[in-house]
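Take a look at the structure below.
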Amino acid sequence: MNVDSVRFQHLLGIEGLSREDLIFLLENSQQFVEVSQRDLKKVPALRGKTIINLFLEPSTRTRASFEIAGKRLSADTINISGSGTSVSKGETLLDTARTLQAMNPDILVVRHRSSGAAHFLSQELTRTAVVNAGDGMHEHPTQALLDCLTLCQHFELAPSELKGKNITIVGDIRHSRVARSNIWAHQLLGNKVTLVGPATLVPHEFADEEAFGGGVRICHTLREGVEGADVVMVLRIQLERQSDNFIPTLEEYTRQYCVTPQVLEGAAPGCVVLHPGPANRGIEISSTLYEGTQSLVEKQVTNGVAVRMATLFLLGSRGRKENV
Ligand code: ASP
23 MNVDSVRFQH LLGIEGLSRE DLIFLLENSQ QFVEVSQRDL KKVPALRGKT IINLFLEPST
83 RTRASFEIAG KRLSADTINI SGSGTSVSKG ETLLDTARTL QAMNPDILVV RHRSSGAAHF
143 LSQELTRTAV VNAGDGMHEH PTQALLDCLT LCQHFELAPS ELKGKNITIV GDIRHSRVAR
203 SNIWAHQLLG NKVTLVGPAT LVPHEFADEE AFGGGVRICH TLREGVEGAD VVMVLRIQLE
263 RQSDNFIPTL EEYTRQYCVT PQVLEGAAPG CVVLHPGPAN RGIEISSTLY EGTQSLVEKQ
323 VTNGVAVRMA TLFLLGSRGR KENV
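Taking my numbering, the leading residue of the sequence shown gets 23, the next gets one more, and so forth.
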């Protein structure tokens, strides 16, 4: 597969990608890891291209890494965030996006609180590739890619060999775009996904065939859910999206679902821990675990740059012949 055979014009989610596309993205990401380890961390791959990062919801890791990724590819990148835009004066997302498109950017990276925002823009913008950097509770595809890349590196497996692993995702699945993108990714790769949390935060529909093909197991007890897990992904309790009372109190949640080194004693030997950040230490994950030897959190952040470089490179160089 080469750049010209990439079938997607936008990266809106993991849902809808083929296994081949996913593996191709991961293999390309692996190649970009090395660029960030160089003394001079820049390649001319997207010289002359313009990338706009439109972040209308808070972000630290994703926004910084998209910006770094664009710069390391030599693209001209500009960042726009919610409070500094005409959105705060009442302009609609579509008008904002059309205004930006009129300046001829090649790629628009968008984060928005509404599920479906990136998809909507991809239908409306005719000349600009759209990358979903997190849309409401829907998807966060580059997060799933960086999580998978981190696991490939840790287990020393090529992306096509990352299969048959037990992946347990713990926490606020209901509100998590990270969980949704990861579930799709692990279904494509052939890993087994278990979701753990209180019934209010882990809706039983996730196990339905219509939701994710029926391959997802649900558990409401932490110890049972992590039993035999090769990977435990801990999610943040999304306090900003809790419109109803999904949990009685944070203390109660912590008592039942906080992931600690002791909880992981029943996991598979060599079990590793992922967290997309930002973490509520002491609520969904203990500090000892977050910083301990089982944690791959920093590697995830590092890999975020490589994954975003690969994504921007593949979308930004469609139809071009040059290589890195
Ligand atoms: N940073 C991730 C996201 O934007 C996870 C989180 O916020 O909890 O979805």
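Don't be surprised by glycine CBs; every beta carbon is placed ideally from N, CA and C. A quick note: this is a predicted structure, and the numbers were derived from the prediction, not measured.
Annotation: residue 50 is outside any beta strand (DSSP E); the continuous alpha helix (DSSP H) that includes it extends over 41-55. If you check the CB distance, residue 326 and residue 149 do not come in under 8 angstroms. A direct Cα-to-Cα measurement between residue 113 and residue 121 gives close to 10 angstroms. Shown in chain order are the residues whose CB sits closer than 7 angstroms to a heavy atom of the ligand ASP: 81, 83, 84, 156, 162, 165, 198, 199, 200, 257, 258, 260, 298, 299 and 300. For residue 170, the enclosing alpha helix (DSSP H) has its first and last residue at 163-177.
As the crow flies, the alpha-carbon of residue 287 is around 24 angstroms from that of residue 204. Distances from the alpha-carbon of residue 195 to those of 238, 136 and 180 put 238 closest. In this chain, residue 214 is not harboured by any alpha helix (DSSP H); it is covered by the beta strand (DSSP E) spanning 214-218. In the three-state reduction of the DSSP assignment, residue 154 falls in the strand class.
Our two residues, residue 31 and residue 59, have alpha carbons roughly 29 angstroms apart in a direct line. Taken in chain order, the complete beta strand (DSSP E) segments of 3 or more residues contained in the stretch 91-134 are 98-103 and 129-134. Taking the Cα positions, residue 168 is about 9 angstroms away from residue 298. With a beta-carbon spacing of about 26 angstroms, residue 329 and residue 107 fall beyond the 8 angstroms limit used to define contacts. DSSP places residue 198 in the coil class of the three-state scheme, outside both helix and strand. For residue 205, the secondary structure class from DSSP, reduced to helix, strand or coil, is helix. Selection 257, 115, 242 and 45 evaluated against residue 308 yields 257 as nearest (Cα-Cα).
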